[in-house]
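Numbering (mature numbering (1 follows the signal peptide of the UniProt record, and there is no 0)), first residue to last: -18 to -1, 1 to 136.
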């Protein structure tokens, strides 16, 4: 009788483990952070740069569409370097500033004159402010083919 009970318990445990055991060893993609849109993400000090992407129509002049969150208590002047140029943007303390978005409160996209990057390529941009260590990131370059980007080219 005890052997039959032990066999039943062992069989039930085997079925339960077999039916649910794969979740113990299966990779769970939902735990991974990734860039879910066309742009790239990076962090510089207290700034979180999100969905950065460059848009151009002629491969020479371009604009940068990006959202920047400033988690600090101070306004920040962020420098964005490319080639031999630097553009600066103000990011107020405790805010998410959208440059080149479609919302009513979005700032204009950041102009990058003379960038010289063709659509379909990746271009290096260097983000830095104050005494924080800067970050260089390869940013995708798109054109105005997609409707959500055509208005950014002016």
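C-beta: ideal position from N, C-alpha, C; glycine also. Owing to the predicted nature of the structure, the values given are computational and were not obtained by experimental measurement.
{"query": "Ignoring anything shorter than 3 residues or poking outside the stretch 35 to 91, list the beta strand (DSSP E) runs there in chain order.", "result": "44 to 52, 58 to 64, 67 to 73, 78 to 81"}
{"query": "Take residue 95 and list the residues in its own chain whose beta-carbon comes closer than 7 Å to its own, dropping the five residues that flank it on each side.", "result": "43"}
{"query": "What's the call for residue -4, buried or exposed, on a 16-neighbour Cβ count within 10 Å?", "result": "exposed"}
{"query": "Can you round the beta-carbon distance between residue 90 and residue 35 to whole angstroms, since I take them to be within the 8 Å contact cut?", "result": "With a Cβ gap of about 15 Å, residue 90 and residue 35 do not count as contacting."}
{"query": "Looking only at C-alpha atoms, which of 67, 70, 25 sits nearest to residue 54?", "result": "25"}
{"query": "Report the rounded CA-to-CA distance for residue 10 versus residue 66, giving the unit in angstroms.", "result": "43 Å"}
{"query": "For residue 14, which three-state DSSP category applies?", "result": "coil"}
{"query": "In the DSSP assignment, find the unbroken alpha helix (DSSP H) run with residue 131 in it and report its ends.", "result": "129 to 132"}
{"query": "For residue 106, which beta-bridge partners are listed by DSSP?", "result": "120"}
{"query": "Near residue 76, which residues of its chain fall below 8 Å by C-beta distance, leaving aside the five closest residues on each side in sequence?", "result": "52, 53, 54, 55"}
{"query": "Measuring straight from C-alpha to C-alpha, what distance separates residue 127 and residue 20?", "result": "13 Å"}
{"query": "Under a Cβ-count criterion, where at least 16 other Cβ atoms within 10 Å of its own Cβ denotes burial, should residue -8 be classed as buried or exposed?", "result": "exposed"}
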